[in-house]
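Quick note on numbering: the UniProt record's numbering labels position 49 of the sequence shown as 49, and the sequence is numbered without any gaps.
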Amino acid sequence: MTTLTGATLAAAGIDAVALKPTEVDVSQATALDVETLAIDYEGAAHVPETDTIERLLSTADVRVTTPVRADGFDPLGDDSGFDALPAGTGRVLVAGHSAYLSTDEAERAVAPRLRAAVDDASDPWVGTEGIERLALAVGGTQYELLSRTTARDVRTLRTAGFDGSIAVYAPLVLSNSEDAMLDAVGDYAARRGPVRNALPEGAPTDSRATGRARDVLTQAIRDYALVGSVETVAERTERLRDIGVDTIVGYPARGLDPFL
């Protein structure tokens, strides 16, 4: 069995690793040979402790996702969560997924909060999902999800004269096994609108998929994720750089163990 290491991430063209605190022990990421670690937000209870972030900062640049509508990170309200972030912690500013927001938080206006947060942050990344025009208007590094339209979207931005940084986030599976890919990211791809509409109703979205469902999913995971051998993923990330992407962020869809 091939052993994957942090060096493999670099060989695949991965600049940064996204960490989900509910899925992995983020402190283990000190062993990853990447320049940047991005900690996703999965609710206030899962923001890593200050000392954990400090340990990560000793080995890499660290960015913490801060939803501008969430208590603790609201620049127009309760911003007490910033007090727990060590100096030097970068920010990924997002509107915030409703799954991690209370009803009251979800009803707060995004635009004024995002503008205020950008003004308060140093070199922020701005998550574009669902707020693409607003994110572009406020500036900062545009942080986009990989999709089947990414190449077109990035070329359009560059052609229009956007000269700021662009970062792209994608689930990552370094494997030649199609079953392993489907088990890791089939469900993720199936949640994307075009894929959901193309799938037969009730079809499995993992390695159990057969027929048309499997055909749809095997294409979809390549549209919405970085999957395949190190060489295959490296070719994909190189193409993304060629069209104007500056930073490629991989979310290890099978956890950190394969890279430690």
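Glycine included, C-beta positions come from ideal geometry on N, C-alpha and C. All of these numbers come straight from a predicted model, not from anything done at the bench.
Any non-hydrogen atom of the ligand HEM closer than 6 Å to E42 Cβ: With respect to the ligand HEM, the structure offers nothing, as it holds no ligand at all.
Beta-carbon gap between G96 and P124 smaller than 7 Å: Walking along the sequence shown from the start, residue 96 turns up at place 96. Walking along the sequence shown from the start, residue 124 turns up at place 124. No, they are not a contact pair.
Buried versus exposed call for A44 [16 or more other C-beta atoms within 10 Å across all chains shown]: Start at 1 with the first residue of the sequence shown, and residue 44 comes out as number 44. So A44 ends up on the exposed side.
Alpha-carbon spacing of L174 relative to D215, whole angstroms: Working through the sequence shown from its first residue, we reach residue 174 at position 174. Working through the sequence shown from its first residue, we reach residue 215 at position 215. The alpha-carbon atoms of L174 and D215 are separated by roughly 20 Å.
Which of helix, strand or coil DSSP assigns to E49: Here residue 49 is taken as the residue at index 49 of the sequence shown, counted from 1. Correct three-state label for E49: coil.
Under the three-state DSSP convention, the category D123 falls into: Walking along the sequence shown from the start, residue 123 turns up at place 123. In this structure, D123 counts as coil in the three-state DSSP scheme.
Pair within 7 Å by beta-carbon distance, L117 and L93: Within the sequence shown, numbered from 1, the residue matching residue 117 stands at position 117. Within the sequence shown, numbered from 1, the residue matching residue 93 stands at position 93. The residue asked about is misnamed: residue 117 is Ala in this sequence, not Leu. Yes. Within cutoff.
G77 versus N176 - alpha carbon distance: Locating residue 77 in the sequence shown gives position 77, counting from the first residue. Locating residue 176 in the sequence shown gives position 176, counting from the first residue. Cα to Cα, the separation comes out at about 48 Å.
Status (buried if at least 16 other CB within 10 Å, exposed otherwise) for E107: Sequence index remark: in the sequence shown, residue 107 carries index 107 (1-based). It counts as exposed.
Spatial distance of G90 from R212 (CA atoms): Residue 90 sits at position 90 when you count from the first residue of the sequence shown. Residue 212 sits at position 212 when you count from the first residue of the sequence shown. If I take the Cα positions, the gap works out to 43 Å.
Straight-line gap, D242 to E132 (C-alpha atoms, nearest Å): Within the sequence shown, the letter at position 242 stands for residue 242. Within the sequence shown, the letter at position 132 stands for residue 132. Distance between the alpha carbons of D242 and E132 is about 22 Å.
The beta strand (DSSP E) enclosing G250, as first and last residue numbers: Taking the first residue of the sequence shown as 1, we reach residue 250 at position 250. Its beta strand (DSSP E) spans residues T247 to P252.
Where T237 falls, given that 16 or more other Cβ within 10 Å makes a residue buried: Mapped onto the sequence shown, residue 237 falls at position 237. Looking at its Cβ environment, which holds 16 or more other Cβ atoms inside 10 Å, T237 is buried.
Within the segment 66-119, ranges of the alpha helix (DSSP H) (whole runs, at least 4 residues): 103-106
Cβ distance (whole Å) where R196 is taken to contact Y224 below 8 Å: Start at 1 with the first residue of the sequence shown, and residue 196 comes out as number 196. Start at 1 with the first residue of the sequence shown, and residue 224 comes out as number 224. Wrong, their Cβ atoms sit about 12 Å apart, outside the cutoff.
Element boundaries [alpha helix (DSSP H), containing T159]: Reading the sequence shown from its first residue, position 159 is the one you call residue 159. Segment T150 to T159, the alpha helix (DSSP H) holding T159.
Residues bridged to I39 [DSSP beta-bridge criterion]: Stepping through the sequence shown from its first residue, residue 39 is reached at position 39. According to DSSP, I39 bridges with L19 and V64.
Under 7 Å between C-beta atoms of T22 and E42: By 1-based counting over the sequence shown, the position of residue 22 is 22. By 1-based counting over the sequence shown, the position of residue 42 is 42. Result yes, Cβ atoms of T22 and E42 sit closer than 7 Å.
Backbone CA spacing between G130 and E231 [nearest angstrom]: Reading the sequence shown from its first residue, position 130 is the one you call residue 130. Reading the sequence shown from its first residue, position 231 is the one you call residue 231. Taking the straight line joining both Cα atoms gives about 32 Å.
For D171, the three-state DSSP class (helix, strand or coil): Taking the first residue of the sequence shown as position 1, residue 171 is located at position 171. Note that residue 171 is Pro in the sequence shown here, rather than Asp. Of the three classes helix, strand and coil, the one that applies to P171 here is strand, per DSSP.
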